[in-house]
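Here is the structure we will look at, set down as structure tokens.
Number of protein chains: 2
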Amino acid sequence: MGAVAREQAAGARGSLTREKILAEAARIFNRRGYHGTTLDDVARALGVTKAALYYHVSSKEALLFQCHQVLIEIALEGLRRARERASAPDEQLRLTLAHYIEGIMDQLRGSVVLVEDGALTPAHQRQVIAGRDEYERQLRELIARGMRDGVFVPCDPKLVGFALLGAGNWIPKWYSPAGSRAPKEIAEAFAAYLVRGLQRQPSAEAILPLAEAGASA
Amino acid sequence: MGAVAREQAAGARGSLTREKILAEAARIFNRRGYHGTTLDDVARALGVTKAALYYHVSSKEALLFQCHQVLIEIALEGLRRARERASAPDEQLRLTLAHYIEGIMDQLRGSVVLVEDGALTPAHQRQVIAGRDEYERQLRELIARGMRDGVFVPCDPKLVGFALLGAGNWIPKWYSPAGSRAPKEIAEAFAAYLVRGLQRQPSAEAILPLAEAGASA
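Laid out in structure tokens, this is it:
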């Protein structure tokens with residue numbers, strides 16, 4: 653993957669990796685809004701100078717664009733891996749969602765999906781929308797296949813697809829890395845619950861992990 | 653309800669109702685971010701002067717606070733109505749979610765939940781968080797009751813509660829009033845799907861409305 657290679661290259665120059673920069677930027681954009689954030693804020697949060705940050709990114713807008721692009725890469729990668737690892741549509745959907753949700757929580761980089769629209773240049777905006785459209789199209793196709801195979805009940809794949817994505821995209825609003833749940837646990841519980849809503853004959857087993865006494869997510 | 657009475661009073665003075673102001677403000681805050689929006693922008697979108705707007709709201713922050721408060725009122729009202737109309741936990745949850753989701757889509761006022769955090773004064777922020785916490789607490793209690801009654805499979809009500817809310821709160825990101833689906837249809841499909849994921853023995857019936865050829869939501 654291009655992202656990984658670039659990040660390793662950055663990593664070789666020091667601890668300020670592309671991944672760290674993008675995760676921190678996504679978190680700040682989400683908290684303060686794009687217009688309420690400056691590159692100085694991002695540099696301060698990373699504990700580096702603005703000059704060091706400019707070595708990696710040319711502008712605030714480029715930073716936001718890269719945040720979006722990384723998330724789309726992760727989303728599409730989840731679909732590819734799910735197809736390699738499973739053939740049944742419910743299992744494929746479960747793996748796809750778990751990968752996406754874990755990717756969103758990893759360093760909270762998924763926060764970027766909550767940032768206000770209209771901050772990107774029109775060309776970048778078009779590219780991000782095209783990437784998201786492609787992901788949504790493939791998700792809907794997977795849901796439709798599950799319907800054709802009789803594994804899923806009939807539904808509108810477009811509406812259900814939006815419900816799936818919303819459940820995942822909302823996570824940065826409540827998730828805290830200091831909470832008691834590991835990202836992997838949350839991702840698997842969400843994926844199991846969201847697939848269960850479509851299965852014609854879901855198992856009556858518990859959706860794991862169960863609540864702990866006094867647990868906070 | 654206080655909101656309705658105030659809105660009727662505003663309505664009597666002309667067409668610039670509190671409801672219209674708040675819905676338009678929520679939409680603009682979501683599109684441009686709180687920091688990227690001015691009261692002039694809101695006035696312009698409503699087709700009124702800034703002075704006319706100031707007759708109704710004292711500041712941009714007060715406007716954002718009221719947007720949040722209206723949505724919390726709607727959310728809690730949905731729980732109350734559901735308790736009046738049904739006793740089974742799955743039916744109560746379905747009615748609760750349908751009310752909340754329809755409320756979010758009505759004039760797109762739900763957009764406010766996507767606005768960046770940290771824009772409210774600390775006192776207002778505490779009030780909004782207390783209202784949301786109360787709604788989430790009651791939702792979790794309803795899910796836990798469904799588990800105790802054997803209607804829902806065992807799960808972590810906190811995690812599932814966040815999934816439900818996320819699916820609904822994400823709607824302003826994709827919903828267009830110009831689309832082919834009525835808010836009521838979308839609300840009912842979402843509620844049916846989200847409750848189905850919890851039911852121990854869900855019906856194998858379709859989640860309505862089904863996809864139309866070439867439909868867009």
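These protein sequences, in sequence, are chains A and B.
Numbering follows our numbering, with no gaps: position 116 of the first sequence is 768.
Numbering follows our numbering, with no gaps: position 89 of the second sequence is 741.
By construction, the Cβ of each residue, glycine as well, lies at the ideal position given by its N, Cα and C atoms.
The structure presented is a predicted model; accordingly, all values stated were derived computationally and were not measured.
Query                                                                                                                                                                                                          : Result
Please name the residue, chosen from B:684, B:682, B:741, that lies closest to residue 801 (chain B) on a Cα-to-Cα basis.                                                                                      : B:741
In chain B, what lies closer than 8 angstroms to residue 858 (chain A) by C-beta?                                                                                                                              : 805, 806, 807
Shortest alpha-carbon distance to residue 689 (chain A) belongs to which of A:700, A:669, A:715, A:832?                                                                                                        : A:715
Identify which residue in A:774, A:750, A:720, A:851 has its Cα closest to the Cα of residue 841 (chain A).                                                                                                    : A:750
Who are the near neighbours of residue 809 (chain A) in its chain, counting only those whose CB is closer than 7 angstroms to its CB and skipping five residues on each side?                                  : 792, 795, 796
How long is the line joining the alpha carbons of residue 775 (chain A) and residue 855 (chain A), rounded to whole angstroms?                                                                                 : 46 angstroms
Which two residues bound the contiguous alpha helix (DSSP H) that contains residue 793 (chain B)?                                                                                                              : 774 to 800
Using the three-state DSSP reduction, which class does residue 853 (chain A) fall into: helix, strand or coil?                                                                                                 : coil
Keeping to the same chain, check which residues put their C-beta closer than 6 angstroms to that of residue 698 (chain B); ignore five residues upstream and five downstream.                                  : 676
Which first and last residues belong to the alpha helix (DSSP H) in which residue 809 (chain B) is found?                                                                                                      : 809 to 821
Short of 6 angstroms in beta carbon distance, which residues of its chain neighbour residue 753 (chain A), apart from the five on each side in sequence? Order them along the chain.                           : 820, 839, 842
Whose Cβ in chain A lies nearer than 7 angstroms to the Cβ of residue 770 (chain B)?                                                                                                                           : 683, 684
With burial defined as no fewer than 16 other Cβ atoms inside 10 Å of the residue's Cβ, what is the status of residue 824 (chain A): buried or exposed?                                                        : buried
Thinking residue 703 (chain B) and residue 806 (chain A) are a contact (beta carbons under 8 angstroms), I'd like their distance in whole angstroms, please.                                                   : The pair is not a contact, with the Cβ atoms about 54 angstroms apart (cut-off 8 angstroms).
For residue 761 (chain B) and residue 674 (chain B), which I take to be in contact (beta-carbon distance under 8 angstroms), what is that distance rounded to the nearest angstrom?                            : 6 angstroms
Provide the residue span of the alpha helix (DSSP H) that contains residue 846 (chain B), from first to last.                                                                                                  : 835 to 848
If you measure from the beta carbon of residue 817 (chain A) to each beta carbon in chain B, is any gap under 9 angstroms?                                                                                     : yes
To the nearest angstrom, how far is it from the Cα of residue 764 (chain A) to the Cα of residue 768 (chain B)?                                                                                                : 11 angstroms
Over what stretch of residues does the alpha helix (DSSP H) that includes residue 648 (chain A) continue unbroken?                                                                                             : This structure does not reach residue 648 (chain A), given that chain A is present from 653 up to 869, and the question cannot be answered.
Hey, residue 747 (chain A) and residue 734 (chain A): beta-carbon distance below 9 angstroms or not?                                                                                                           : yes
Return the residue from the list A:718, A:829, A:711 that minimises the CA-CA distance to residue 670 (chain A).                                                                                               : A:718
Measuring alpha carbon to alpha carbon, tell me which residue in B:726, B:737, B:729, B:772 is nearest residue 711 (chain B).                                                                                  : B:772
Relative to the C-alpha of residue 770 (chain B), which residue among B:678, B:862, B:686 is closest?                                                                                                          : B:686
Please report the Cβ distance between residue 845 (chain A) and residue 844 (chain B), rounded to the nearest whole angstrom; I am assuming they are in contact, meaning their Cβ atoms lie under 8 angstroms. : 15 angstroms between Cβ atoms; not a contact.
My output table needs one value for residue 829 (chain B): the three-state DSSP class, helix, strand or coil.                                                                                                  : coil
Counting C-beta neighbours from all protein chains within 10 Å, is the total for residue 787 (chain B) 16 or more, i.e. buried, or is it exposed?                                                              : buried
For a quick check, are the C-beta atoms of residue 777 (chain A) and residue 679 (chain A) less than 9 angstroms apart?                                                                                        : no
Assign residue 707 (chain B) to one of two classes, buried (16 or more other C-beta atoms within 10 Å of its C-beta) or exposed (fewer than that).                                                             : exposed
By a C-beta neighbour count over all protein chains shown, 10 Å radius and 16 as the cutoff for buried, is residue 860 (chain B) buried or exposed?                                                            : exposed
Which stretch, first to last residue, makes up the alpha helix (DSSP H) that contains residue 859 (chain B)?                                                                                                   : Segment: none, residue 859 (chain B) is in no alpha helix (DSSP H) and carries neither H nor E.
Taking the C-alpha atoms as reference points, what is the distance between residue 847 (chain A) and residue 732 (chain B)?                                                                                    : 29 angstroms
Against chain B, which members of the region 755 to 766 of chain A pass a CB distance test of less than 7 angstroms?                                                                                           : 766
Please decide whether residue 823 (chain B) counts as near chain A, where near means a Cβ-Cβ distance under 9 angstroms.                                                                                       : yes
At a CB-CB cut-off below 8 angstroms, which residues of chain A make contact with residue 846 (chain B)?                                                                                                       : 815, 849
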